[in-house]
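Protein chains: 2
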Amino acid sequence: MGGVTEQVLLARALLSRVAEPASIPVWDAVRKRGAVRVAAEVCRLAEATRLDDTESFTPEQQELAKATAARVDGADPGADLEIAARHGVHLVVPESAEWPHFTLSALEAAGVRRLRTWNAGKRDIAEYGEPIPPLSLWVRGGGDLATLGTQSVGIVGSRASTPYGSHVAGDLAAGLARREFTVVSGGAHGIDAAAHRGALAVGAPTVVVSAGGLDRPYPVSNAALFDRAAAQGLLVSESPPGCAPRRHRFLTRNRLIAAFSTGTVVVEAAARSGAMNTAGHAQRLGRPVMAVPGPVTSTMSAGCHVLLANSDAPATLVTSVRDVVQVIGRIGDEAADESRVPKRGTTLQQALDELDPATRLVFDAMPARRAVRPDELVRVTGLPLPTVLGALPDLETRGLVVADGAGHRLAPSDRNAAEH
Amino acid sequence: MGGVTEQVLLARALLSRVAEPASIPVWDAVRKRGAVRVAAEVCRLAEATRLDDTESFTPEQQELAKATAARVDGADPGADLEIAARHGVHLVVPESAEWPHFTLSALEAAGVRRLRTWNAGKRDIAEYGEPIPPLSLWVRGGGDLATLGTQSVGIVGSRASTPYGSHVAGDLAAGLARREFTVVSGGAHGIDAAAHRGALAVGAPTVVVSAGGLDRPYPVSNAALFDRAAAQGLLVSESPPGCAPRRHRFLTRNRLIAAFSTGTVVVEAAARSGAMNTAGHAQRLGRPVMAVPGPVTSTMSAGCHVLLANSDAPATLVTSVRDVVQVIGRIGDEAADESRVPKRGTTLQQALDELDPATRLVFDAMPARRAVRPDELVRVTGLPLPTVLGALPDLETRGLVVADGAGHRLAPSDRNAAEH
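First to last, the sequence lines map onto chains S and X. For the first sequence, this note's numbering assigns the number 18 to the initial residue and increments by one for each residue that follows. For the second sequence, this note's numbering assigns the number 18 to the initial residue and increments by one for each residue that follows.
In structure tokens form, the structure reads like this:
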């Protein structure tokens with residue numbers, strides 16, 4: 018598997034089996050000590066838990082055991098990898114060249130931010146589910162995981178779509194696929210399936226992000242669609258073989274749809290629905306959220322209208338492929354607007370000198386007093402959207418900008434610097 | 018007619034006959050010298066024009082003659098008033114207590130602004146048609162013209178509405194009428210008719226603003242609807258009896274729909290249409306513009322989506338009566354947000370001392386650097402919308418604020434004062 022040792026692969030497979038996706042303690046431990054050590058640790062903690070020998074656990078070990086111990090007994094990562102292989106599924110891990118580092122960089126930055134609040138004591142689950150990167154991805158199909166998410170559009174919506182919604186989803190997907198945007202969605206009936214069909218029909222790849230094990234097509238009536246998606250693109254899941262899709266797995270799955278999409282379009286969604294959850298994830302990742310309007314008499318468009326009317330962070334109204342491309346497309350021919358570059362104080366100079374030129378351009382384009390969305394930064398800098406989306410997590414990690422629901426803004430101290 | 022002399026009434030009737038609505042030279046002349054003198058002047062100028070004796074005309078007289086001379090011959094205002102009376106129509110003039118001064122104050126302020134650019138040489142017609150107040154209004158029905166426009170909602174849209182649009186227009190109109198908002202619209206088939214029917218069905222008044230003479234129902238198939246509107250509300254037109262509705266009269270008529278509406282809702286409209294023109298007028302008057310979304314596959318919703326996606330001055334998305342009420346309703350219980358009141362320089366003190374307390378509150382609530390819409394001022398000041406809409410033209414006339422497509426903003430000098 019591209020230079021990845023068997024030991025790493027088995028460790029990641031084990032963690033995939035014993036921990037639920039988006040577990041903060043497990044992700045944090047792996048960040049600090051690597052998958053191999055944490056996998057061994059998890060086994061030791063489970064054994065100690067079984068023997069009721071938990072008194073010597075540190076608080077961190079307690080959290081780690083709580084997140085993993087129940088499933089260690091009987092876990093067999095070697096068997097999981099074998100079963101997966103029989104279904105044409107292999108495990109991709111961050112140690113591999115296949116890993117979509119670029120695609121997942123925004124989720125990585127969001128995870129770091131979440132870890133900060135977690136360590137500060139905020140243990141209740143974030144409103145939209147935890148924005149924690151995956152530890153590994155089970156993948157089926159011939160598409161290139163590392164690049165499919167770099168110019169991509171999530172097309173999401175209701176299982177119980179209307180003929181209008183399915184028609185629009187299929188049309189948008191086909192049109193965007195023709196312009197070389199990868200369509201990303203879940204595997205459900207309704208909008209998800211219509212979007213994949215639209216892209217597949219024009220011979221394009223598509224990414225199906227599943228909430229359960231890829232050996233079990235879910236829903237089974239979409240099995241033929243999944244076979245076609247595997248032939249032209251990819252099926253992706255965090256869950257190991259045999260794992261059933263459950264409600265909470267759909268919510269954690271939604272963060273991956275948002276992360277794999279340069280921008281996300283909600284085609285039809287009830288006011289409270291999985292698609293709204295995906296839109297929330299996208300917004301938190303600083304990714305453009307778009308919504309397709311529909312009849313106000315249709316409950317299936319109510320969620321779209323809620324997103325569009327949101328006064329804090331309104332979704333962009335899109336009615337056509339062209340509208341979507343305008344939001345997420347590569348707009349490279351507009352020069353940076355010099356007049357909007359704020360003057361900086363000298364205290365930041367050292368931090369700024371360390372930035373690569375593109376990241377510096379993005380930083381210089383941040384307005385002084387308000388949040389900005391990536392598409393606006395694209396317009397101002399003239400950089401392609403993927404470059405902007407790559408620069409933002411870097412700026413966040415350096416503490417130069419912060420993200421909120423409305424987009425990214427200068428971190429408070431820089432805002433002051435810009436004003437003085 | 019409420020203390021209005023026969024002479025004034027005949028003069029205004031004559032001007033209504035000989036000049037097209039929204040004529041800048043005629044309106045300006047009447048502002049300066051009154052209707053009676055201008056009517057006599059117009060007759061003299063027409064006679065001189067007939068005798069080709071125009072060499073001695075001042076530039077202003079040339080404009081006035083150009084706008085009126087062709088129709089003076091044969092004009093008979095006394096006969097017009099008689100024909101009107103036979104159809105239950107009477108002429109309301111600004112000299113009468115019936116005149117809707119409050120309703121038309123925003124249009125009055127817009128007219129003053131336009132006159133300034135006109136005098137500075139900008140003679141091409143403004144994009145949406147000239148925002149010039151009416152010289153008089155022909156009125157049929159028992160409603161009170163002076164108050165019907167003070168809490169009102171324009172519901173406008175396509176003649177060729179879909180069943181969806183007609184349904185939504187009727188529903189919104191009925192719901193708003195039940196909450197004592199007067200419905201204002203044109204007299205066309207489609208959205209206009211559906212809106213009036215919705216309001217009339219719940220026993221409420223409605224205002225039909227017509228582009229032609231009120232003695233001729235247009236379209237004639239809506240004659241019964243107009244009779245009902247006259248019984249419960251009002252029909253209004255700038256055009257004298259016998260006057261045919263023509264394309265340019267629809268455009269000038271639209272400014273009256275916008276002016277008579279506290280806010281305007283576009284229900285269904287093609288991308289280029291009369292309803293879009295009405296929305297443009299409303300925006301220029303600083304009145305809230307709302308739009309109802311619909312299927313992106315329907316050309317009849319394309320105009321609504323254009324309004325909603327407008328990045329400079331987006332319309333507010335509304336899906337229900339409640340949404341509309343939230344935009345234009347009386348919201349009196351939110352206290353003024355002290356933190357948003359900008360600090361003022363002393364140079365303005367004299368001008369500010371002259372303001373009445375409500376107008377001063379509105380001025381103090383203007384943000385320092387951006388345009389603001391009336392609904393936001395309502396939220397910030399806690400004043401009812403009609404008070405805010407009354408205060409803005411006053412502030413404009415005093416040169417303290419200026420209006421543009423995005424709303425009202427502090428006039429440049431005040432903005433500077435707020436920053437220093």
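Backbone N, C-alpha and C define an ideal beta-carbon position, used for all residues, glycine too. These numbers come from a predicted model, not from an experiment.
Quick check on Tyr17 (chain X) - is its C-beta less than 8 Å from some C-beta in chain S? No information on residue 17 (chain X) is available, as it lies outside the stretch 18 to 437 that chain X covers here.
Of all the alpha helix (DSSP H) runs that stay within the bounds of the region 33–116 of chain X, which reach a length of 4 or more residues? 41–50, 52–67, 76–89 and 94–103
Check distances from the C-beta atoms of the region 167–199 of chain S to those of chain X and list, in chain order, the residues that come in under 9 Å. The region 167–199 of chain S vs chain X, Cβ under 9 Å: Tyr181, His184, Val185 and Asp188.
Within 8 Å (strictly less), CB to CB, does Val395 (chain S) reach chain X? no
So, does the CB of Ala36 (chain S) fall closer than 8 Å to a CB anywhere in chain X? no
Which residues in the same chain as Leu406 (chain X) place their Cβ atom closer than 8 Å to its Cβ, once the five residues preceding and following it in sequence are excluded? Ser122, Ala123, Thr279, Gly303, Arg304 and Pro391
Can you tell me whether Asn447 (chain S) is buried or exposed? The criterion is at least 16 other CB atoms within 10 Å of its CB, across all chains shown. The first residue shown for chain S is 18 and the last is 437, placing residue 447 (chain S) beyond what the model contains.
Touch test, the region 81–92 of chain X against the region 127–136 of chain X, Cβ-Cβ under 8 Å, three pairs minimum: no
Do we get a CB-CB distance below 8 Å when we pair Ala326 (chain S) with the residues of chain X? yes
Tell me the rounded alpha-carbon separation between His425 (chain S) and Ala408 (chain S). 11 Å
Name, in chain order, the residues that DSSP records as bridge partners for Met307 (chain S). Note: Met307 (chain S) sits in a beta bridge opposite S:Val282 and S:Thr333.
Apart from the five residues on each side of it in sequence, which residues of its chain come closer than 7 Å, Cβ to Cβ, to Gly128 (chain S)? So the qualifying residues of the chain are Trp44, Pro148, Ile149 and Pro150.
Since Met293 (chain S) contacts Val344 (chain S) with CB under 8 Å, what's their CB separation in whole angstroms? So it is not a contact: roughly 19 Å between Cβ atoms.
Output, in chain order, the set of chain X residues within a Cβ distance shorter than 7 Å of His322 (chain S). Pro310, Leu334 and Thr336
Start-end ranges of the alpha helix (DSSP H) lying completely within the region 132–194 of chain S, minimum 4 residues: 162–165
What residue does the alpha helix (DSSP H) around Thr13 (chain X) start on, and which one ends it? The structure shown has nothing for residue 13 (chain X), since chain X only spans 18 to 437.
Three-way DSSP call (helix, strand, coil) for Ala296 (chain X) in this model: helix
Run through chain X and tell me which residues come within less than 7 Å of Thr316 (chain S), C-beta to C-beta. None at all; the shortest Cβ gap to chain X is about 11 Å.
Once DSSP output is grouped into helix, strand and coil, what is the label at Ser238 (chain S)? Of the three classes helix, strand and coil, the one that applies to Ser238 (chain S) here is helix, per DSSP.
Considering only the alpha carbon of each residue, which of S:Ala247, S:Val109, S:Glu77 and S:Thr398 lies closest to Gly220 (chain S)? S:Ala247
When the cut-off is 8 Å and only beta carbons count, does Val313 (chain X) lie next to chain S? yes
Three or more C-beta pairs closer than 8 Å, one from the region 162–172 of chain X and one from the region 262–269 of chain X: is that the case here? no
Rounded C-alpha distance that separates Thr314 (chain S) from Val185 (chain X): Roughly 8 Å between the two C-alpha positions.
So what does DSSP say about Val389 (chain S), is it helix, strand or coil? strand
Please state if the CB of Arg301 (chain S) and the CB of Tyr145 (chain S) are separated by a distance shorter than 8 Å. In this structure, Tyr145 (chain S) places its C-beta atom within 8 Å of the C-beta atom of Arg301 (chain S).
Just the C-alpha distance for Gly20 (chain S) and Glu125 (chain S), rounded to the nearest angstrom, thanks. 23 Å
With DSSP as the reference, please indicate the residues paired to Thr199 (chain S) in a beta bridge. S:Ser169, per the DSSP bridge assignment.
Could you tell me the distance, in whole angstroms, from the CA atom of Arg245 (chain S) to the CA atom of Arg214 (chain S)? So the alpha carbons of these two residues sit roughly 9 Å apart.
Where Val313 (chain X) sits in the DSSP three-state scheme: coil
Could you give the DSSP three-state label for Arg5 (chain X): helix, strand or coil? Limits of chain X in this structure are 18 at one end and 437 at the other, which puts residue 5 (chain X) out of reach.
Specify the secondary structure class of Pro359 (chain S) as computed by DSSP and reduced to three states. Any reading at Pro359 (chain S) is ruled out, since the residue's pLDDT is 32, under 50, leaving its predicted position unreliable.
Please report the residue range of the beta strand (DSSP E) in which Asp232 (chain S) lies. Looking at the DSSP string, Asp232 (chain S) is not in any beta strand (DSSP E), and its letter there is neither H nor E.
Could you tell me the alpha carbon to alpha carbon distance between Ala332 (chain X) and Ile274 (chain X), rounded to whole angstroms? Taking the straight line joining both Cα atoms gives about 17 Å.
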